[in-house]
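Peer 1:
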Amino acid sequence: MVSLHIYFNLTLQSTAQTCPSTHAKCRDGIQCFPLQSLCDGDTTYCRDQSDEDPDFCRGKG
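Residue numbers (the numbering used here): 19 to 79.
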């Protein structure tokens, strides 16, 4: 079980993206989304929907 966990973490690290300055990283560290799309109600960009996190977006209205 430990070796699977280590392999999974290494795989995620190797696929992490560097985002352009006009974008932010999704919480998963793999995808990027345009900053203008943060809290816009559209979950197209982040599979984990972190660009629409209700705790963060609640204070942005």
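From the three backbone atoms N, C-alpha and C, an ideal C-beta is built for every residue, glycine too.
1) Which value, in whole angstroms, describes the spacing of the CA atoms of residue 39 and residue 56?
2) Classify residue 35 as buried or exposed, calling it buried when 16 or more other Cβ atoms lie within 10 Å of its own Cβ.
3) Taking the beta strand (DSSP E) that residue 44 falls in, what are its first and last residues?
4) By the three-class DSSP mapping on this structure, what secondary structure does residue 38 have?
5) Does the Cβ of residue 74 have 16 or more other Cβ atoms within 10 Å, making it buried, or fewer, making it exposed?
Peer 2: Once the coordinates are examined:
1) Locating residue 39 in the sequence shown gives position 21, where the first residue counts as 1. Locating residue 56 in the sequence shown gives position 38, where the first residue counts as 1. Residue 39 and residue 56: Cα-Cα distance of roughly 14 Å.
2) Walking along the sequence shown from the start, residue 35 turns up at place 17. Residue 35 comes out exposed.
3) Along the sequence shown, read from residue 1 onward, the residue named residue 44 stands at position 26. It is not in any beta strand (DSSP E) - residue 44 carries neither H nor E in the DSSP assignment.
4) Numbered from its first residue, the sequence shown carries residue 38 at position 20. Residue 38: coil per DSSP, three-state reduction.
5) On the sequence shown, residue 74 is found 56 positions in, with the first residue counted as 1. Classification of residue 74: exposed, given that the 10 Å Cβ count is below 16.
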